[in-house]
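In the working numbering, the protein residues as written are -2 to 488.
Take a look at the structure:
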């Protein structure tokens, strides 16, 4: 009997060890591929070195520079969009960091900013060349394109009877560029290509580098008759051909070339993890979807021509003038107020939430009534009532919150969840050794905890449960969108 019990104990011990090993194996297997890849890359570096990737992960932000144009990065109906922007968002999520966008249409300045550490990444359609590889490290290519001549269709081309008649007036052979004047964006690879082409045809080409206008602006200048010719990457030129029916982009002036993003020379850890991501991303349906969305979608023409496209129309919403006027009256940046309104209603004056909040500012009926507005009130009255409510919340916050940026975060959070819950989160922060006068990484942590019984039942909490995740995201999303608005919309 004793022998039997001993054998039973041994079997139980073996079973427990096996089970433990299985759990450990499953736990290890459940690490995301992202975590594994990033960890492996970091292990390759010497432990004493802090790599570029280390610094990005520590600060929790990757800073990327791109072009401000109708494809790379812009605002449409209040929402940041763009081919490079959408890819960057996915890459930032892959790294589990925030994305900070910068715009610089001067390529020389962008290269300099990358070199001096102002940017972590140049997210532009950069042609990979031998000379540029001496300045930066390129990622694996994400597109292939050719350089094409952008020229205007002949006068009265619509009245011409055949395409052959139109073709007679267009340049189809690069030899015909001899003696012509071509305006290009300064700092682009187009200059080198045209110089080489001039040598190849044995005749000068007058090349004018424009320091102020970006490729798309020069294409528009061709369409308007301000200049005769420019050069563009084919995929960009073909999109613009949809906007401007009087241009032609069918004459290639180069062989196919690879386009890629770039990092500072020697940023091996960042480059390695980006290439790992790009290998998978380039094969994905998401990659194809984003490309088609900006370069193939017929609707992109209407978006680019919209008055609510930041580049073409320059407006965020049809309420911009009202928002500007009210913001000036109450000393607010109108772009911050616009971001709040987008968050609440996406500029829809008749929208109503499940909780009963309504209108552009999503005020609760009781709050709205206290400022003399209801569902029949005008957009101007709704917006002003919302700003007055913000001012009221600001006055109820303690003076010790003296940093203007942090104070605005408290105001926004109070606007969303009510100031009483914010006071609860401040008391929890103080109790647990955090700074109750700082929102980010202090009080915001405890507003998140207000949906956890362990915290909302704490004696210092007077107003109970709150859906803190909604408030936490509310502040982040408004301020993130505000940064995008500041990037591309003038104050």
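Backbone N, C-alpha and C define an ideal beta-carbon position, used for all residues, glycine too.
Every value quoted in this text rests on a predicted model; they were computed, and no experiment measured them.
Residue i - containing alpha helix (DSSP H), residue span
i	result
residue 88	80 to 92
residue 383	376 to 393
residue 326	317 to 326
residue 475	465 to 485
residue 224	Counting along the chain, residue 224 falls outside any alpha helix (DSSP H), and DSSP gives it neither H nor E.
residue 260	Run containing residue 260: none in the alpha helix (DSSP H); it sits in the beta strand (DSSP E), 254 to 261.
residue 97	No alpha helix (DSSP H) contains residue 97, which is instead part of the beta strand (DSSP E) from 95 to 100.
residue 54	49 to 56
residue 69	Residue 69 -> no alpha helix (DSSP H), and no H or E assigned at all.
residue 442	441 to 445
residue 196	187 to 198
residue 313	Segment: none, residue 313 is in no alpha helix (DSSP H) and carries neither H nor E.
residue 284	282 to 292
residue 451	450 to 453
Residues near residue i in its chain [Cβ-Cβ closer than 8 Å; skip 5 each side]
i	result
residue 346	356, 357, 376 and 379
residue 466	445 and 448
residue 340	471, 474, 475 and 478
residue 342	348, 356, 357, 358 and 359
residue 485	65, 70, 71, 72, 100, 307 and 308
residue 437	403 and 406
DSSP-derived helix/strand/coil call for residue i
i	result
residue 329	coil
residue 122	strand
residue 166	coil
residue 405	helix
residue 460	coil
residue 139	coil
residue 242	coil
residue 347	coil
residue 429	coil
residue 76	strand
residue 231	helix
residue 398	coil
residue 18	Residue placement at residue 18 cannot be trusted, given a pLDDT of 43 that sits under 50; the coordinates are not used to answer.
residue 109	helix
residue 149	strand
residue 144	strand
residue 360	strand
residue 247	strand
residue 60	strand
residue 270	helix
residue 133	strand
residue 29	Here the model assigns residue 29 a pLDDT of 48, short of 50, so the residue's position is not dependable, and the following value carries that caveat. Here residue 29 sits in coil by DSSP.
residue 171	helix
Contact belief for residue i with residue j at Cβ below 8 Å, rounded distance in angstroms
i	j	result
residue 178	residue 225	7 Å
residue 301	residue 309	6 Å
residue 242	residue 134	Contact flag wrong, Cβ pair sits at about 41 Å.
residue 260	residue 118	6 Å
residue 167	residue 148	6 Å
residue 198	residue 172	5 Å
residue 270	residue 123	Not confirmed; about 19 Å, so no contact.
residue 324	residue 317	10 Å between Cβ atoms; not a contact.
7 Å Cβ shell around residue i - same chain, five flanking residues per side excluded
i	result
residue 364	386
residue 163	150, 151, 154 and 157
residue 479	332, 333 and 336
residue 26	Model confidence at residue 26 stands at a pLDDT of 43, short of 50, so the residue's coordinates are unreliable; what they give is reported in the following sentence. Here the set comprises nothing.
residue 455	425
residue 428	457
residue 362	353
residue 104	184 and 185
residue 109	none
Beta-carbon proximity list for residue i, same chain, < 6 Å, skipping 5 on both sides
i	result
residue 82	70
residue 43	Here residue 43 scores only 48 on pLDDT, less than 50, and its place in the model should not be relied on; the value that follows carries that caveat. So no residue of the chain qualifies.
residue 463	414, 418 and 447
residue 304	310 and 312
residue 7	The predicted model places residue 7 with a pLDDT of 47, which falls under 50 and marks its position as unreliable; any figure quoted below should be read in that light. Hits under 6 Å: none found.
Range covered by the beta strand (DSSP E) that runs through residue i
i	result
residue 178	178 to 182
residue 207	203 to 207
Under 8 Å between C-beta atoms of residue i and residue j
i	j	result
residue 237	residue 213	yes
residue 257	residue 125	yes
residue 62	residue 95	no
residue 368	residue 354	no
residue 232	residue 136	no
residue 435	residue 402	no
residue 88	residue 351	no
residue 421	residue 460	yes
residue 190	residue 250	yes
residue 139	residue 272	no
Heavy atom of the ligand NAP within 7 Å of residue i beta-carbon
i	result
residue 434	Within the structure as shown, the ligand NAP is missing, as the structure has no ligands at all.
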